[in-house]
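Undergrad: Okay, handing you the structure first.
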Amino acid sequence: MQSDKENVILFPKWRTTLEEESLKAIKEKRYEEALTKLDQLLSYHIDNHEIVIGKLICLMEMDRYEEAQDLCEAVLKYKDENYYHYLHIYLTILFQTSQYELLMEQVEFEFESEVVPDVIHEQFQQLYDMSKNMKNEIRNEKSSEYIDELLKAVKQENHVQQWRLVEQMRKINANPTDSIKNLLIENNVHPVTKTAVFKWLQERSISDEVTVSKLNKQLTIPPVNVPEISSHKTMKQTLLLINELEQKNPSLFQLVERLLYRYVYVRYPIMPNDRDIIHIAEALSKIGEEYLDIHIEDSKHLDESVKKYVEEIKMCEALYLTIIEA
3 MQSDKENVIL FPKWRTTLEE ESLKAIKEKR YEEALTKLDQ LLSYHIDNHE
53 IVIGKLICLM EMDRYEEAQD LCEAVLKYKD ENYYHYLHIY LTILFQTSQY
103 ELLMEQVEFE FESEVVPDVI HEQFQQLYDM SKNMKNEIRN EKSSEYIDEL
153 LKAVKQENHV QQWRLVEQMR KINANPTDSI KNLLIENNVH PVTKTAVFKW
203 LQERSISDEV TVSKLNKQLT IPPVNVPEIS SHKTMKQTLL LINELEQKNP
253 SLFQLVERLL YRYVYVRYPI MPNDRDIIHI AEALSKIGEE YLDIHIEDSK
303 HLDESVKKYV EEIKMCEALY LTIIEA
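So the sequence shown is numbered by the working numbering: it starts at 3 and just counts up by one.
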C-alpha cells in the first residue's frame, strides 16, 4: 500500500487555508508556525514561487541559514523565470554567513554568461565588492594575528608552530611583511620554515632581493628569479641520473625520489653546485639501498664527496620529517 503523498489530493479549500495562514504567520513573525504550514504544502508538491520564498524567509529569520542555502541551491538548478530572485537571496545568505569566496565565485560565474539584467548586475556587483572588502579585512586581521604568533614561535624556537603559521598565511594569500622576509636570516627559524617563507614570497611575486641563510650557506636573490622546486635544474638533472632505477627497482626509485624531494626542499633555494649532482645521485642510491636493506659495498670505499652528501641528505631528511610529518 502506497503512503506517498503524491497520490493524495490536497483539496483546494485546504490549500487556500494553508497558504493564507502561512502568509499571515509570516507577517506576524510567527515563523515556526508558518514554516510548518509551508512544509505541509511542499509535501504535496505545491512548490510555487511564493511558497519557496516564504520558506526561505522563515529559515533565514530563524537563523537556519544552512537549510536556506540548501533550498536555494536546489531551486537554482531549475533555472526558471524566478532564477535571479532566488540567486539574489542565495548571495545574501552567503554574505550573511561570511562565505565571501563562494559569493565572489558565483557572481563571477554569472557575469561570464553576460545575460544578467542590468538592475540585477548592479546589485550583484555591490555584493561582490562588499565581499571582496570583507575578505581583505578578515585576511589583514588574521595576518596580523598570525605574524604576532609567528614571531612569538621564533622567539620560543617552536619550529613546528613556525611552519604551521607560515602555511596558514600562505593559504589566506597574506602579504609578507619585512619582518617575515627577515626570518630568512634568523638563526632561530627552522630551514624547512625558511623554505615555506621563500615559496610564499614567490607566490606573491616578490621581485626585490632577499637574503636566505641556512645550513651554513647564504644566498641573496629575488624570489621570482628562482624556479619552483619541481622544475629546478638540480631536481631535474638528479632525476635524470636516477631514472634508470625506475625500471630496475621501482620501490627503490620511489624511495630515492622521495629522499631527493625532501633534500631539495630543505636546501631550497640554496642548491649544490651542478658538478656535484652526480655525487648527490650516487648518495641517494646508496641511502635508498641501505634503507631497503639491499646489499651494498662498504661505505669506506665511497668517494669522499659521496660520503659528504650521504650525511647531508640524511640530515635534511631528518629536518624535513621533524616539521612536515611531525
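Note that the Cβ used here is the ideal one computed from N, Cα and C, for glycine as well.
Use the C-beta contact count for Ser146: other C-beta atoms within 10 angstroms, 16 or more gives buried, fewer gives exposed.
TA: Start at 1 with the first residue of the sequence shown, and residue 146 comes out as number 144. Answer is exposed; the Cβ neighbour count stays below 16.
Undergrad: How many angstroms separate the CA atom of Thr240 from the CA atom of Pro271?
TA: On the sequence shown, position 238 is the one that residue 240 refers to. On the sequence shown, position 269 is the one that residue 271 refers to. Near 16 Å, if we compare the C-alpha coordinates of Pro271 and Thr240.
Undergrad: Where do the ends of the alpha helix (DSSP H) carrying Ile279 lie?
TA: Residue 279 sits at position 277 when you count from the first residue of the sequence shown. It spans 279–293 - the alpha helix (DSSP H) in which Ile279 sits, taken as one unbroken run.
Undergrad: Whose C-beta lies closer than 7 Å to the C-beta of Ser133 among residues of the same chain, with five residues either side of it excluded?
TA: Position 131 of the sequence shown holds residue 133. Phe97, Tyr102, Leu105, Met106, listed in sequence order.
Undergrad: Per the DSSP calculation, Thr222 is bridged to which residue(s)?
TA: Translated into positions along the sequence shown, residue 222 becomes position 220. Paired residues: Thr213.
Undergrad: Taking all protein chains shown into account, do 16 or more other C-beta atoms lie within 10 angstroms of the C-beta of Ile140, making it buried, or fewer, making it exposed?
TA: By one-based count along the sequence shown, residue 140 stands at place 138. Ile140 comes out exposed.
Undergrad: Report the three-state DSSP secondary structure of Glu22 (helix, strand or coil).
TA: For the purposes of this step, residue 22 is taken as the residue at position 20 of the sequence shown. Glu22 falls in the helix class under three-state DSSP.
Undergrad: If you draw a straight line from the C-alpha of Glu110 to the C-alpha of Glu169, how long is it?
TA: For the purposes of this step, residue 110 is taken as the residue at position 108 of the sequence shown. For the purposes of this step, residue 169 is taken as the residue at position 167 of the sequence shown. About 27 Å.
Undergrad: Going straight from the alpha carbon of Val121 to that of Lys81, what length do you get?
TA: Here residue 121 refers to the residue found at position 119 when the sequence shown is read from its first residue. Here residue 81 refers to the residue found at position 79 when the sequence shown is read from its first residue. Between Val121 and Lys81, the C-alpha separation is close to 18 Å.
Undergrad: Could you spell out the range, first to last residue, of the alpha helix (DSSP H) harbouring Met171?
TA: For the purposes of this step, residue 171 is taken as residue 169 along the sequence shown, with counting starting at 1. Here the alpha helix (DSSP H) through Met171 covers 161–173.
Undergrad: Does DSSP put Thr94 in a helix, in a strand, or in coil?
TA: Taking the sequence shown and counting its residues from 1, one reaches residue 94 at position 92. Thr94 falls in the helix class under three-state DSSP.
Undergrad: Measure the C-alpha to C-alpha separation of Glu159 and Glu143 and round it to an integer number of angstroms.
TA: Indexing the sequence shown from 1 puts residue 159 at position 157. Indexing the sequence shown from 1 puts residue 143 at position 141. Taking the straight line joining both Cα atoms gives about 24 Å.
Undergrad: Under 8 Å, do Val268 and Leu321 count as touching if we go by C-beta distance?
TA: The residue given as residue 268 occupies position 266 in the sequence shown. The residue given as residue 321 occupies position 319 in the sequence shown. A contact, by the Cβ cut-off of 8 Å.
Undergrad: How many whole angstroms separate the CB atoms of Leu185 and Val191, which I take to be in contact at a CB cut-off of 8 Å?
TA: Numbered from 1 along the sequence shown, position 183 holds the residue referred to as residue 185. Numbered from 1 along the sequence shown, position 189 holds the residue referred to as residue 191. Right, the Cβ-Cβ distance comes to about 5 Å (below 8 Å), so this counts as a contact.
Undergrad: May I have the straight-line CA-CA distance separating Glu23 from Gln164, to the nearest angstrom?
TA: Counting from one through the sequence shown, the residue named residue 23 turns up at place 21. Counting from one through the sequence shown, the residue named residue 164 turns up at place 162. Approximately 59 Å, taken between the alpha carbons.
Undergrad: Which of the three DSSP states, helix, strand or coil, is assigned to Glu8?
TA: The residue you call residue 8 lines up with position 6 of the sequence shown. Per-residue confidence for Glu8 stands at a pLDDT of 49, beneath the threshold of 50, marking its modelled position as unreliable; no derived number is given.
Undergrad: For the stretch 275–286 and the stretch 308–317, state whether three or more C-beta atom pairs, one from each stretch, are separated by less than 8 Å.
TA: yes
Undergrad: Rounded to whole angstroms, what is the Cα-Cα separation between Glu327 and Val77?
TA: Along the sequence shown, read from residue 1 onward, the residue named residue 327 stands at position 325. Along the sequence shown, read from residue 1 onward, the residue named residue 77 stands at position 75. Going from the Cα of Glu327 to the Cα of Val77 covers about 44 Å.
Undergrad: In whole angstroms, what separates the C-alpha of Glu52 from that of Trp16?
TA: Here residue 52 refers to the residue found at position 50 of the sequence shown. Here residue 16 refers to the residue found at position 14 of the sequence shown. Each residue's alpha carbon lies about 17 Å from the other.
Undergrad: Residue ranges of each alpha helix (DSSP H) run of no fewer than 4 residues wholly in the stretch 26–74, ordered along the chain?
TA: Entirely contained in the stretch 26–74, the alpha helix (DSSP H) runs reaching 4 residues are, in chain order, 33–45, 51–63.
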